[in-house]
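Asker: Here's a structure for you.
Number of protein chains: 2
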Amino acid sequence: MFDFTFHNPTRIIFGKDKENQIGQELKQAGLSRVLFVYGRDSIKRSGLYERVTQSLKDNNIAWMEHAGVSSNPVLSHTRAGVALAKEAGVDGLLAVGGGSVLDEAKAIAVGALAPDDVWNYFIGKEVTAALPVCTVLTIAATGSEMNGNAVITNEETQQKYNISSSHVYPRFSILNPALTRTVPPDYSAYSAVDAIAHVIEGYFTGQGVGLQNRLVETIVKTVMATTEVILARPDDYDARAEFMWGATLALNGLTKSGIGPHAFPNHMIEHALSAIYNIPHGAGLAIVMPAWMRWFAPRRPAIFERFAHRIFGLRSGDDGIEALERWFVAIKAPTRLAEAGIPAGDIEKIAANAAGLAAVWGIAQEYPKEVIADILRLAV
Amino acid sequence: MFDFTFHNPTRIIFGKDKENQIGQELKQAGLSRVLFVYGRDSIKRSGLYERVTQSLKDNNIAWMEHAGVSSNPVLSHTRAGVALAKEAGVDGLLAVGGGSVLDEAKAIAVGALAPDDVWNYFIGKEVTAALPVCTVLTIAATGSEMNGNAVITNEETQQKYNISSSHVYPRFSILNPALTRTVPPDYSAYSAVDAIAHVIEGYFTGQGVGLQNRLVETIVKTVMATTEVILARPDDYDARAEFMWGATLALNGLTKSGIGPHAFPNHMIEHALSAIYNIPHGAGLAIVMPAWMRWFAPRRPAIFERFAHRIFGLRSGDDGIEALERWFVAIKAPTRLAEAGIPAGDIEKIAANAAGLAAVWGIAQEYPKEVIADILRLAV
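These protein sequences, in sequence, are chains V and X.
Residue numbering for the first sequence follows our numbering, starting at 1358 and increasing by one per position.
Residue numbering for the second sequence follows our numbering, starting at 1358 and increasing by one per position.
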């Protein structure tokens, strides 16, 4: 087992109606004036906006609003949030939404204390401070509610890049599985793919021992089983709860501890897809993963055999990949570029974009542009 | 899934030679004058004492020593530590040892800031403050390195009671698997039993869903597989590492999140055994667990069947219990009272002692003295 440091100070408040204590929790966290970040109208239609603001009022928490966060949140909107946070002199961020809203709030938290432009921190500058971020999660998928990651797209340069810093772990995150009831079936499927991707990147590219491998397999099995229930019976609270906690554990450091050097090649390639075509992240991953697995499997045949055996009860690594792909098809996630309207003729352009991220992530040697293009051709 | 709060702020620094950075880590934690708590001579014989104190000197950390912590740490020694901590005006605790040393350090951390006697907090008074506790772990078993629990024995009253408080989560814990190399085989076996007990108490008495159940099964399998390797090849670093991290995850809140009301009846009964006879905790658990499982299995037959199937590939719940008991025998843990020199004639006395703890833990209705005696009779 490799050396590691594990430190995840985020407090998770999990269960029914927990969002109603948001004002009280913010007060206990020492905050009195927050920038309230959210997406479009859905939290107003669902009544969540009303419940959250009522709790803020009841606890004398002042707030400014920064609404309109898009999926694949963009830099221009983030910069507007930073300007607002600085101008209003807020002492923290309240993010209410899915991973995109949380990520933009984290970026604003960094930008609000930075002397320079927030994008600098996405292209390599170290984050040294951030305002406290607190969240109410409405879509389980990205794990942002319990980690130090945030992904933002610079829409001018078509770069979808990330920060990773201990400063942006949420102080607390409220997870009420019932709030995910409004997520439509296609996004439930994309969320499942995202959570699976979060654990298998390290599973296949790192060097886990029995414990970490079984933790990953546990999360994959959980995500698959509960997604099937959620799609069949959207009102099943327990399936939503199990999925939600599983998605959180998928990227909170647990499955990566001790596995040594590992990479996120599927995320790297997918970020190029959603940076250029603005497709949902999970949809892009469903396209990239089977292709990447077919390309990578010959390098680690034993791990792919174990995956096939433990997840699907199959013998060969190739059969395991095919079974996963068939499962993606069954939950109606796209597995080919064309299904997302991406022409095969764009592969060179996509590969060039992904290669830029490979350089930032330090995996350019293993993933030069030509290799990325080869992988993408397996998704035609 | 039941509502829960998960918050575990302990930083884990895991790997080879990590104890050499103890001084630096204490300094970064803002400490400059600590009470250095340890057991008997083993850390001096192994050279660990020398390495730790050298690092303290190198980083200008002043220390007072409180040595001689026993396994099943006792109140009188804890009180002496509290007096020393107060007199010396330390700003934190440094515990170097196994679970007993960590637990006594936590108790001292509470007592040092308490206006009254530290035992009050073990018999029901709420802990509201404690000095920071930092640890270097040398025996993997209790999970104390990443939780808010501490168990102390009042040797006058023969009460082995505990505190459970967010204030005594260690600030950080250094886990170097190589340090566990000096643990003798019998204590390796007892440690395995303890770690298994930590997860199965909630597994059988709570209401876990698929995710939590599989997490528990993963830890049980990990502990069993790695213990066999450790006993056969004591120098196997990877097995020690996997065991160590597995034992930490066994009682850090992970497997209990969302399982709802659950109890620790095996620990309750065992605490009576080690309070009266001062036997190793894990040895006591190996005696209690098969007996308790046989008594409890008819109440939750489906869970015992699942356990038998997933851990041992067996069909019936009874066979699963027998397989676990046989495994305890194979690793040379005692499974009958007589093996620990405890006469069957003492059962009433033991049951009365355990019933006292049942009252403190709020499970006296399910576990009156007569029931505890019935369970103990299954261990004759």
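The C-beta atom is built at its ideal place from N, Cα and C for all residues, glycine as well.
1. Just verifying my parser: in three-state terms, what is the DSSP assignment at Lys1443 (chain X)?
2. Would you identify the three-state DSSP class for Ile1594 (chain X), choosing helix, strand or coil?
3. Using DSSP bridges, identify the partner residues of Leu1450 (chain X).
4. To the nearest angstrom, how far is it from the Cα of Leu1694 (chain V) to the Cα of Ala1701 (chain V)?
5. For a contact meaning CB atoms closer than 8 Å, what does Ala1582 (chain X) contact in chain V?
6. Candidates V:Glu1627, V:Ile1509 and V:Leu1450: which alpha carbon is nearest Ala1547 (chain V)'s?
7. Would you mind giving the Cβ-Cβ distance between Ile1699 (chain V) and Leu1630 (chain V), rounded to the nearest angstrom? I have them listed as a contact below 8 Å.
8. Using alpha carbons as the reference points, say which of V:Asp1592, V:Ile1688, V:Val1686 and V:Thr1579 lies closest to Met1601 (chain V).
9. Using CA coordinates, which residue listed in V:Ile1418, V:Gln1515, V:Ala1424 and V:Phe1669 is at the minimum distance from Asn1635 (chain V)?
10. So, helix, strand or coil for Trp1718 (chain X), using DSSP?
11. Determine the burial state of Glu1407 (chain V): buried for a count of at least 16 other Cβ atoms within 10 Å of its Cβ, exposed for fewer.
12. If you pair each beta-carbon of the region 1707–1726 of chain X with each one of the region 1660–1667 of chain X, do three or more pairs fall below 8 Å?
13. Looking at the strands, I want to know which residues DSSP matches up with Gln1378 (chain X).
14. Cα-Cα, which of V:Ala1659, V:Phe1361, V:Met1581 and V:Pro1725 is closest to Asp1374 (chain X)?
15. Can you tell me which residues form a DSSP beta bridge with Thr1499 (chain X)?
16. Answer with buried or exposed for Asp1528 (chain V), where buried requires no fewer than 16 other C-beta atoms within 10 angstroms of its C-beta.
17. Would you report the Cα separation of Val1475 (chain X) and Pro1366 (chain V), rounded to the nearest angstrom?
18. Below 8 Å on the Cβ atoms is my guess for Ala1607 (chain V) versus His1524 (chain V); work out the distance and round it to an integer in Å.
19. Contact criterion: CB-CB distance below 8 Å. Does Asp1348 (chain V) meet it with respect to chain X?
20. Using beta-carbon positions only, say whether Thr1583 (chain V) and Met1503 (chain V) come within less than 8 Å of one another.
21. Take the Cβ of Gln1385 (chain X) as the centre, count every other Cβ of all protein chains shown within 10 Å, and call the residue buried at 16 or more, exposed below.
22. Pick out whichever of X:Gln1722, X:Leu1383, X:Gly1639 and X:Val1439 has its Cα sitting closest to the Cα of Ala1620 (chain X).
23. Going by DSSP in three states, Met1646 (chain V) sits in which element: helix, strand or coil?
24. Taking DSSP as the reference, what is the three-state secondary structure of Phe1664 (chain V)?
25. Just the C-alpha distance for Ala1466 (chain V) and Trp1718 (chain V), rounded to the nearest angstrom, thanks.
26. Can you pull the chain V neighbours of Gly1372 (chain X), defined as C-beta to C-beta under 9 Å?
27. By the three-class DSSP mapping on this structure, what secondary structure does Tyr1518 (chain V) have?
28. How about the region 1379–1398 of chain X and the region 1410–1426 of chain X: do they share at least three Cβ pairs that are nearer than 8 Å?
29. Is there at least one Cβ from chain X nearer than 8 Å to Ala1498 (chain V)'s Cβ?
30. Identify whether Thr1485 (chain V) lies in helix, strand or coil by the three-state DSSP scheme.
31. Rounded to whole angstroms, what is the Cα-Cα separation between Lys1689 (chain X) and Tyr1526 (chain X)?
32. Does DSSP classify Ala1507 (chain X) as helix, strand or coil?
33. DSSP three-state call for Phe1669 (chain V): helix, strand or coil?
34. Grab me the residues of Leu1671 (chain X)'s own chain with a C-beta within less than 7 Å of its C-beta, minus the 5 sequence neighbours each way, in chain order.
35. May I ask you to list the residues that DSSP assigns as paired with Phe1371 (chain X)?
36. Quick one: give me the first and last residue of the alpha helix (DSSP H) that Glu1679 (chain X) is part of.
Answerer: For this structure:
1. Helix, per DSSP.
2. It is Tyr, not Ile, that sits at residue 1594 (chain X) in the sequence shown. Tyr1594 (chain X): helix per DSSP, three-state reduction.
3. DSSP output for Leu1450 (chain X) lists X:Leu1392 and X:Val1490 as bridge partner(s).
4. Their Cα atoms are separated by approximately 7 Å.
5. Those within 8 Å of Ala1582 (chain X) in chain V are Gly1567.
6. Ala is not the amino acid found at residue 1547 (chain V); the sequence shown has Tyr there. Among V:Glu1627, V:Ile1509 and V:Leu1450, the Cα nearest to that of Tyr1547 (chain V) belongs to V:Glu1627.
7. In this structure, Ile1699 (chain V) and Leu1630 (chain V) form a Cβ contact; the two beta carbons are roughly 7 Å apart against a cut-off of 8 Å.
8. Nearest C-alpha to Met1601 (chain V): V:Thr1579.
9. In terms of CA proximity to Asn1635 (chain V), V:Gln1515 leads the group V:Ile1418, V:Gln1515, V:Ala1424 and V:Phe1669.
10. In the three-state reduction of the DSSP assignment, Trp1718 (chain X) falls in the coil class, being assigned neither a helical nor a strand state.
11. With fewer than 16 other Cβ atoms from the protein chains shown falling within 10 Å of its own Cβ, Glu1407 (chain V) counts as exposed.
12. Fewer than three beta-carbon pairs drawn from the region 1707–1726 of chain X and the region 1660–1667 of chain X are found closer than 8 Å, and the two stretches are therefore not classed as touching.
13. In DSSP, Gln1378 (chain X) forms no bridge with anything.
14. Nearest C-alpha to Asp1374 (chain X): V:Phe1361.
15. According to DSSP, which records beta bridges pairwise, Thr1499 (chain X) is partnered with nothing at all.
16. Strictly speaking, residue 1528 (chain V) in this sequence is Arg, with Asp absent from that position. With a threshold of 16 other beta carbon atoms within 10 Å, Arg1528 (chain V) meets it and is buried.
17. Taking the straight line from one Cα to the other gives about 28 Å.
18. A Cβ-Cβ separation of about 22 Å leaves Ala1607 (chain V) out of contact with His1524 (chain V) under the 8 Å criterion.
19. An answer regarding residue 1348 (chain V) cannot be provided, because it is not within the stretch 1358 to 1737 covered by chain V.
20. No, the Cβ-Cβ distance between Thr1583 (chain V) and Met1503 (chain V) is not below 8 Å.
21. With fewer than 16 Cβ atoms within 10 Å of its Cβ, Gln1385 (chain X) is classed as exposed.
22. Ranked by how close their Cα comes to the Cα of Ala1620 (chain X), the residues X:Gln1722, X:Leu1383, X:Gly1639 and X:Val1439 have X:Gln1722 in first place.
23. Looking at Met1646 (chain V) - three-state DSSP - the assignment turns out to be helix.
24. In the structure shown, Phe1664 (chain V) falls within a helical segment according to DSSP collapsed to helix, strand and coil.
25. Their Cα atoms are separated by approximately 23 Å.
26. Neighbours of Gly1372 (chain X) on chain V, chain order: Met1358, Phe1359, Asp1360, Phe1361, Thr1362 and Gly1615.
27. Strand, per DSSP.
28. Result yes; three or more Cβ-Cβ pairs closer than 8 Å.
29. Taking Cβ atoms only, chain X never reaches closer than 8 Å to Ala1498 (chain V), which makes this a no.
30. Look at Thr1485 (chain V) here: in three-state DSSP terms it is coil, with no helix or strand label.
31. Each residue's Cα considered, the two are about 32 Å apart.
32. DSSP, reduced to helix, strand and coil, places Ala1507 (chain X) within a strand of the structure shown.
33. Three-state DSSP puts Phe1669 (chain V) in a helix.
34. Cβ neighbours of Leu1671 (chain X) beyond the five flanking positions: Ala1665, Gly1677 and Ala1680.
35. Looking at the DSSP assignment, Phe1371 (chain X) forms a beta bridge with V:Phe1361 and X:Leu1532.
36. Where Glu1679 (chain X) is concerned, the enclosing alpha helix (DSSP H) stretches over Gly1674 to Ala1687.
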